[in-house]
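To keep things clear, I will list the structure first and then write my remarks on it.
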Amino acid sequence: MDTLVGLLPIIAMFAVMWFFIIRPAQKRQKTTSQMQNNLKRGDDIITVGGLHAKVDAVDDQTIFVTVADGTRLQFERVAVGRVVSESKV
C-alpha cells in the first residue's frame with residue numbers, strides 16, 4: 001500500500017504531462033500531416049524555410065512549386081509549413 005501511495009505523485013505528474021504536452025503535440029502533428037497530404041495544384045504555400053510559392057504538381061512524396069519569377073522547384077511534402085490560400089479548383 002505504501003508503494004502505491006509513493007507512486008501516485010509520479011503517475012499524476014505523467015498524466016498532467018500527457019494532457020498538457022504530449023496530447024497537443026500529437027494533435028498538431030496530425031493536423032500538419034493532413035494539410036501536407038491534402039495539397040493540390042494551385043495552393044499558395046510557405047515552406048518551413050520561409051519560401052513563398054504556388055503548388056504546380058503533386059507526387060507521392062514530393063511537390064513541385066513555382067516561385068515569383070517562374071522558377072520551378074521540387075520539395076518534399078514535409079517541407080511545407082502551411083497553406084496560405086487554397087486553390088479554387
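So in full-length UniProt numbering the end of the sequence shown lands on 89, straight run, no missing numbers.
In this text, a Cβ means the ideal position worked out from N, Cα and C, and glycines have one as well.
Just so it is clear, the structure is predicted and the values come from calculations on it, not from any experiment.
Out of curiosity, what's the CA-to-CA distance linking residue i and residue j?
i: I10; j: F20; result: 15 Å
i: R41; j: S85; result: 11 Å
i: N38; j: A79; result: 14 Å
i: T62; j: T47; result: 13 Å
i: G81; j: K30; result: 13 Å
i: P24; j: V16; result: 12 Å
i: V55; j: V83; result: 10 Å
i: D69; j: K27; result: 36 Å
i: S33; j: F14; result: 26 Å
i: A12; j: I22; result: 14 Å
Among the candidates the options, whose CA atom is the shortest distance from the CA of residue i?
i: S87; options: L73, M13, A57; result: A57
i: D60; options: A15, T31, F14, R77; result: R77
i: R72; options: I22, W18, R23, H52; result: H52
i: D44; options: A12, L8, W18, V67; result: V67
i: G50; options: F75, Q34, T3; result: F75
Taking buried to mean at least 16 other C-beta atoms within 10 Å of its own C-beta, is residue i buried or exposed?
i: V5; result: exposed
Quick one: give me the first and last residue of the beta strand (DSSP E) that residue i is part of.
i: R82; result: 80-85
Which two residues bound the contiguous alpha helix (DSSP H) that contains residue i?
i: K30; result: 23-37
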